[in-house]
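In what follows, a structure is listed as structure tokens, so that the remarks can point back to it.
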Amino acid sequence: MSGIEERLALLEERTRRLEDELEVTRLVLSYGPLADSGGADAVAALWEPGGVYDVDELLMNGRAEIAAMVRSDAHQGWIARGCAHVIGAPHVTVTGDDAVALCYSLMIVKDRSGDGFRVRRATANHWTLRRRPDGWRVVTRVNRVLDGRSESPELLAAGLPVTS
Amino acid sequence: MSGIEERLALLEERTRRLEDELEVTRLVLSYGPLADSGGADAVAALWEPGGVYDVDELLMNGRAEIAAMVRSDAHQGWIARGCAHVIGAPHVTVTGDDAVALCYSLMIVKDRSGDGFRVRRATANHWTLRRRPDGWRVVTRVNRVLDGRSESPELLAAGLPVTS
Amino acid sequence: MSGIEERLALLEERTRRLEDELEVTRLVLSYGPLADSGGADAVAALWEPGGVYDVDELLMNGRAEIAAMVRSDAHQGWIARGCAHVIGAPHVTVTGDDAVALCYSLMIVKDRSGDGFRVRRATANHWTLRRRPDGWRVVTRVNRVLDGRSESPELLAAGLPVTS
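Residue numbers (the working numbering), protein chains in the order written: chain H, 853 to 1016; chain F, 853 to 1016; chain R, 853 to 1016.
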């Protein structure tokens, strides 16, 4: 019987690990649709209460500041003129109750001078997340635009586990 | 033994749930490669026989109309001139035998006036899917271009489960 | 007891299959961050020692040639001027110890004549991978730009399992 107990316990652990990876993936992917539909409180609720969202030009501490960014005239203006915050498929590494997600994001906006769209920003994203009693939440998200500044490649390099 | 029976049954259910999420993800991601290689019948077979594909300018009812769109001169012309229907990583929510997938799609085409590509359309995608005896199939896919019309953000908001 | 043994064995097999699909996905998604941060040896280590990376204009045989591409002035120049190798969410098919992944990749670069970014290349990617004692590795990756050449749609068509 001990063989069965051990196999069950191992399966439960492996299944939990897979569920964690997919839950973190869903959380990261929900940012774009929530931001582009103006769901300020829902965007903020992706973070833990004291979570940090650090973008090149703006540092947001806690949910209230994140929600305020979504409600700002600048952000609402992008929605009104046509905007897609496309979050790329994240590379997720779960370690117990912590996780790191690494992805690109593209801010794609309606081109006012033509009939198509243009890529306004291509950005490196490094997320850290933590398991909480009510599910995974973002602890920090750091975004750096990939315009040649050295911080952005460094941020990409920091998000992947070392493999040999 | 009852403890083992319950743990096995729960693991079977959780594993099925994970398999469903990945199967729905694969189905959604297969649209682009099938459409861009002109596989009209294979594209249509992603939907159930009476499935609906509702794009801004075109409403397709059933597989025959979907296949006809892929075979159309307009679609074949895009393939011939260079085209990528990039389906973004989908956010998938499975509930029993039903699922909702939410993603962005980018229609990226060769730029005839330059040496690169341009983003012709950035679109919100809302998919509903159903489990059938032969696997998951699309029931409805609604696409709305993110050009500032209010329908598109509303479509994004409708595709995510409510979290607190 | 035989019922329990069979159910455990089946769960172990299904769980392994899910882990494989996610491991292959992570491997494919790690290419962009490693390439854009200049990790030449880490990029090369995604392939098995004799692995092949076949891009339109360049055929690389083995890890040394792949690492040399990352170290080249051309590639380092893209990083210095601002570049994102965005690997789209891969469609992964695992069959035992082999896997096929199909995705799009977008090479997005800082626009030197404006303040945004431009899509320099949109490319069909067909990966074959193999399980090795130390994890999954790439056997071949074939990239063809989607500029209207017939090879590119053919590459997309070849990467999906036949469904009815």
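Glycine included, C-beta positions come from ideal geometry on N, C-alpha and C.
Rounded C-alpha distance that separates residue i from residue j
i: residue 967 (chain F); j: residue 996 (chain R); result: 15 Å
i: residue 978 (chain F); j: residue 1007 (chain F); result: 7 Å
i: residue 1016 (chain R); j: residue 899 (chain F); result: Confidence in residue 1016 (chain R) is poor, its pLDDT being 47 and thus under 50, which makes the residue's placement unreliable; the coordinate value appears in the next sentence. For residue 1016 (chain R) and residue 899 (chain F), the distance between alpha carbons rounds to 11 Å.
i: residue 1000 (chain H); j: residue 948 (chain H); result: 35 Å
i: residue 908 (chain F); j: residue 984 (chain H); result: 41 Å
i: residue 925 (chain F); j: residue 998 (chain H); result: 38 Å
i: residue 961 (chain F); j: residue 886 (chain H); result: 27 Å
i: residue 1009 (chain R); j: residue 869 (chain R); result: 24 Å
i: residue 1011 (chain H); j: residue 913 (chain H); result: 21 Å
i: residue 882 (chain H); j: residue 953 (chain F); result: 11 Å
i: residue 1005 (chain H); j: residue 1005 (chain R); result: 32 Å
i: residue 890 (chain H); j: residue 928 (chain H); result: 7 Å
i: residue 858 (chain H); j: residue 986 (chain R); result: 24 Å
i: residue 963 (chain R); j: residue 965 (chain F); result: 16 Å
i: residue 911 (chain R); j: residue 1013 (chain F); result: 46 Å
i: residue 897 (chain R); j: residue 959 (chain R); result: 21 Å
i: residue 934 (chain H); j: residue 901 (chain R); result: 46 Å
i: residue 920 (chain F); j: residue 920 (chain R); result: 47 Å
Bridge-paired residues (DSSP) for residue i
i: residue 867 (chain R); result: DSSP output for residue 867 (chain R) lists no bridge partner at all.
i: residue 950 (chain R); result: R:947 and R:982
i: residue 959 (chain H); result: H:937 and H:973
i: residue 905 (chain F); result: F:912 and F:993
i: residue 987 (chain H); result: H:984
i: residue 930 (chain R); result: None, per the DSSP bridge assignment.
Check whether residue i and residue j have beta carbons under 8 Å apart
i: residue 982 (chain H); j: residue 950 (chain H); result: yes
i: residue 888 (chain F); j: residue 931 (chain F); result: yes
i: residue 990 (chain F); j: residue 884 (chain F); result: no
i: residue 1037 (chain R); j: residue 971 (chain H); result: In the structure displayed, chain R extends from 853 to 1016; residue 1037 (chain R) sits before or after that span and is not available.
i: residue 941 (chain H); j: residue 955 (chain H); result: yes
i: residue 922 (chain H); j: residue 944 (chain H); result: no
i: residue 975 (chain F); j: residue 1002 (chain F); result: no
i: residue 862 (chain F); j: residue 856 (chain R); result: no
i: residue 865 (chain F); j: residue 988 (chain F); result: no
i: residue 980 (chain H); j: residue 906 (chain H); result: no
i: residue 880 (chain R); j: residue 939 (chain R); result: yes
i: residue 877 (chain H); j: residue 867 (chain F); result: no
i: residue 946 (chain H); j: residue 872 (chain H); result: yes
Check: residue i C-beta below 7 Å from any heavy atom of the ligand GTP
i: residue 990 (chain R); result: Inclusion of the ligand GTP in the displayed structure is not the case, the ligand content being empty and no account of it being possible.
Interface flag, residue i vs chain A, CB-CB below 8 Å
i: residue 861 (chain H); result: No chain A appears in the structure shown, which is made up of the protein chains H, F and R.
- request: Check distances from the C-beta atoms of the stretch 876-898 of chain H to those of chain R and list, in chain order, the residues that come in under 7 Å.
  value: Against chain R - using a Cβ distance shorter than 7 Å - the stretch 876-898 of chain H contributes no residues.
task: For the stretch 914-947 of chain F, enumerate the residues whose C-beta is nearer than 9 Å to any C-beta of chain R, in chain order.
output: Answer in chain order: 931, 932, 933, 934, 935, 936, 937, 938, 939, 940, 941 and 942.
query: Name the residues in the stretch 948-972 of chain H whose C-beta lies less than 9 Å from a C-beta of chain F; which are they?
result: Listed in sequence order: 955, 958, 960, 961, 962, 963, 966, 967, 968, 969, 970 and 971.
message: Short of 7 Å Cβ to Cβ, which residues in the stretch 864-876 of chain H face chain R?
response: Those residues of the stretch 864-876 of chain H that come within reach of chain R (Cβ to Cβ, closer than 7 Å) are 866, 867, 870 and 873.
message: Can you pull out the residues from the stretch 974-1002 of chain F whose beta carbon lies closer than 7 Å to at least one beta carbon of chain H?
response: Against chain H - using a Cβ distance shorter than 7 Å - the residues of the stretch 974-1002 of chain F are 974, 998, 999 and 1000.
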